[in-house]
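The numbering used here numbers the first residue of the sequence shown as 561 and each following residue consecutively. The C-beta atom is built at its ideal place from N, Cα and C for all residues, glycine as well. Inspection log for the structure reproduced underneath, given as structure tokens.
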Amino acid sequence: MNLTTGYPYWLINSGLQANYPKLEQSVKTDVAIIGGGISGALTAYYLVNAGLNCIVVDARTVGLGSTCASTSLLQYELDKPLCELANQIGLQTAVRSYRMCSESIDTLQSISQKIKFTPFEKQKSLFFAAYKKDKKLIEKEFLIRKKSGFQVQLLGEKEIQQQFGFSSPAAILSEQGATTDAYMFTHALLKASIKKGLQVFDRTVISGIEYKKTGVKLITEKGHIITANKIVNASGYEITEFLEKKIVNLHSTYALASEHIQSPMPVWKDKTLLWNTADPYLYMRLTTDNRIIIGGRDEDFYSPGKRDKLIKKKSALLKNDFSKLFPATELIPEFCWTGTFGSTKDALPYIGTYAKTPHTYYALGFGGNGITFSVIAAEIICDMITGKKNKDALLYSFNR
Ligand SMILES: Cc1cc2nc3c(=O)[nH]c(=O)nc-3n(C[C@H](O)[C@H](O)[C@H](O)COP(=O)(O)OP(=O)(O)OC[C@H]3O[C@@H](n4cnc5c(N)ncnc54)[C@H](O)[C@@H]3O)c2cc1C
């Protein structure tokens, strides 16, 4: 599957980080993890810290799946507002999902500190009305979040203009949020885990899986066999090649990083994450080297050919979206890219076991909160494999 095209900023910024070997012989392990993106790397980190013997195997060069394309905003707010999610799955479950995403931002911060990974900054997040008609949604959403205990403020048109320098009828300012670099985070996690015994093999495609009574055999394209007691499938959107059950709708999304802005940052307050109520939504963040990253303008199809032809047009549209908000700031796109993106029926990930594939755990964090979902997946799967009860596992189960 073609996951991304163009020039993802993080790849340009950091380039190749490590040369992992290909798997050239058959091996045995406690847990084999398919996928060396942020989901596989986090799961491996948890499992090796729990004392398990693990192997990560990736078909690509590590990090070159969706992870390198991620704009790496960390939000507790899901793609579906809490008020809508509560109607769909019940208030208590919806609030718990929001709360878990919020906690996972703190968890990621604490992991980043433990492994001395510095590109991680806590930021506030501003969810603003794209149109006048969305003011009611913002007010309703504010009330439900406030009642549910999230640290939020409702801002009116004047406050938004004063603090953020653009016009919107209403917005929710949340205390919780962060930015990072998922590509470098992945490498940092793998590096830390390798020190504790993790083995990583890339450019090694898993082309077959045999489920046995006591474990699983993964067969590589070259014919080598990984014998494992358990496997974790963290193959991202390519899960569609492993599972016949349809759990994700694939579409296409676009992002750009501007040239770095040389004058003192003229843009908005406190490097706050910005995103709006439009469908598809528009979102923005700043980088440590004073660039604006802006994304959105999604298309409802998965077709790499069609998707890639639109990069230039979508970049112009994103630039225009920015100019409408901040007419005094000139944004010059420098790196533009596109990627496959996935959404689920309730904006929640799929984590845990699937009856037809024994000894297997899935870490599938789809949607705009992919990275926070990856942490939740790592925690739940580590508990499941080590035999601990996890009361939240049912929330993301395949049977929901
Ligand atoms: C443009 C864009 C912007 C985004 N912005 C954000 C954001 O701001 N915040 C956020 O939280 N999320 C964001 N996301 C989503 C986020 O990037 C993903 O949720 C996350 O990167 C998924 O990581 P992963 O490890 O699950 O998947 P991947 O990074 O795709 O890793 C899966 C790996 O599995 C490997 N694999 C697949 N099949 C096989 C096989 N048969 N054998 C061996 N290996 C295999 C692949 O090669 C791949 O490297 C964004 C996504 C895109 C495209």
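Of the listed residues the options, nearest to residue i (C-alpha basis)
i           : options            : result
residue 788 : 804, 799, 769      : 769
residue 616 : 661, 688, 778, 847 : 778
residue 609 : 624, 942, 665      : 942
residue 911 : 895, 792, 629, 901 : 792
residue 620 : 581, 807, 590, 588 : 581
residue 807 : 915, 869, 651, 926 : 926
residue 631 : 929, 798, 874      : 929
residue 776 : 917, 634, 947      : 917
residue 753 : 949, 601, 681, 960 : 601
residue 922 : 591, 689, 570, 575 : 591
residue 818 : 783, 883, 854      : 854
residue 784 : 765, 801, 774, 800 : 765
residue 689 : 676, 802, 726      : 726
residue 672 : 774, 742, 871      : 742
residue 612 : 909, 882, 756      : 756
residue 947 : 584, 924, 883, 919 : 919
residue 678 : 655, 740, 660      : 740
residue 786 : 585, 802, 574, 570 : 585
residue 684 : 710, 738, 871      : 738
Host alpha helix (DSSP H) of residue i (start-end)
i           : result
residue 943 : 930-945
residue 742 : 742-754
residue 867 : 864-869
residue 682 : No alpha helix (DSSP H) contains residue 682, which is instead part of the beta strand (DSSP E) from 680-682.
Span separating the alpha-carbon of residue i from that of residue j
i           : j           : result
residue 708 : residue 686 : 18 Å
residue 667 : residue 810 : 28 Å
residue 906 : residue 648 : 8 Å
residue 564 : residue 623 : 12 Å
residue 697 : residue 714 : 12 Å
residue 886 : residue 653 : 38 Å
residue 790 : residue 888 : 56 Å
residue 915 : residue 945 : 16 Å
residue 899 : residue 864 : 8 Å
residue 796 : residue 669 : 23 Å
residue 892 : residue 849 : 15 Å
residue 562 : residue 716 : 42 Å
residue 960 : residue 805 : 13 Å
residue 851 : residue 772 : 51 Å
residue 794 : residue 595 : 5 Å
residue 604 : residue 901 : 23 Å
residue 589 : residue 635 : 35 Å
residue 939 : residue 862 : 30 Å
residue 837 : residue 800 : 29 Å
residue 955 : residue 607 : 21 Å
residue 704 : residue 839 : 21 Å
residue 633 : residue 682 : 10 Å
residue 822 : residue 858 : 30 Å
residue 952 : residue 568 : 34 Å
residue 576 : residue 909 : 29 Å
residue 712 : residue 593 : 38 Å
residue 866 : residue 874 : 12 Å
residue 802 : residue 650 : 31 Å
Beta strand (DSSP E) segment containing residue i, residue limits
i           : result
residue 667 : Not the beta strand (DSSP E): residue 667 falls in the alpha helix (DSSP H), residues 651-674.
residue 838 : Looking at the DSSP string, residue 838 is not in any beta strand (DSSP E), and its letter there is neither H nor E.
residue 903 : 893-903
residue 771 : 766-771
residue 702 : No beta strand (DSSP E) contains residue 702, which is instead part of the alpha helix (DSSP H) from 695-707.
residue 790 : 785-793
residue 807 : No beta strand (DSSP E) contains residue 807, which DSSP labels as neither H nor E.
residue 910 : 910-912
residue 722 : Per DSSP, residue 722 belongs to no beta strand (DSSP E); it is in the alpha helix (DSSP H), 717-724.
residue 591 : 587-594
Integer-rounded CB distance, given that residue j should sit under 8 Å from residue i
i           : j           : result
residue 729 : residue 695 : 4 Å
residue 629 : residue 828 : Contact doesn't hold; Cβ gap of about 24 Å is too wide.
residue 638 : residue 657 : 7 Å
residue 895 : residue 572 : 6 Å
residue 842 : residue 856 : 4 Å
residue 699 : residue 643 : About 10 Å separates the two Cβ atoms, so there is no contact after all.
residue 574 : residue 744 : 5 Å
Inset, instruction - Specify whether the stretch 804-817 and the stretch 876-893 touch according to this definition: at least 3 beta carbon pairs, one from each stretch, less than 8 Å apart. - result: yes
Legend entry - At least 3 beta-carbon pairs within less than 8 Å: the stretch 722-737 vs the stretch 824-840: The stretch 722-737 vs the stretch 824-840: in contact.
Legend entry - Cβ pair count under 8 Å reaching 3, the stretch 744-762 against the stretch 721-730: no
Inset, instruction - Check whether the stretch 661-680 touches the stretch 930-939, taking contact to mean three or more Cβ pairs, one atom from each stretch, closer than 8 Å. - result: yes
Legend entry - Contact between the stretch 758-768 and the stretch 576-591 (3+ Cβ pairs under 8 Å): yes
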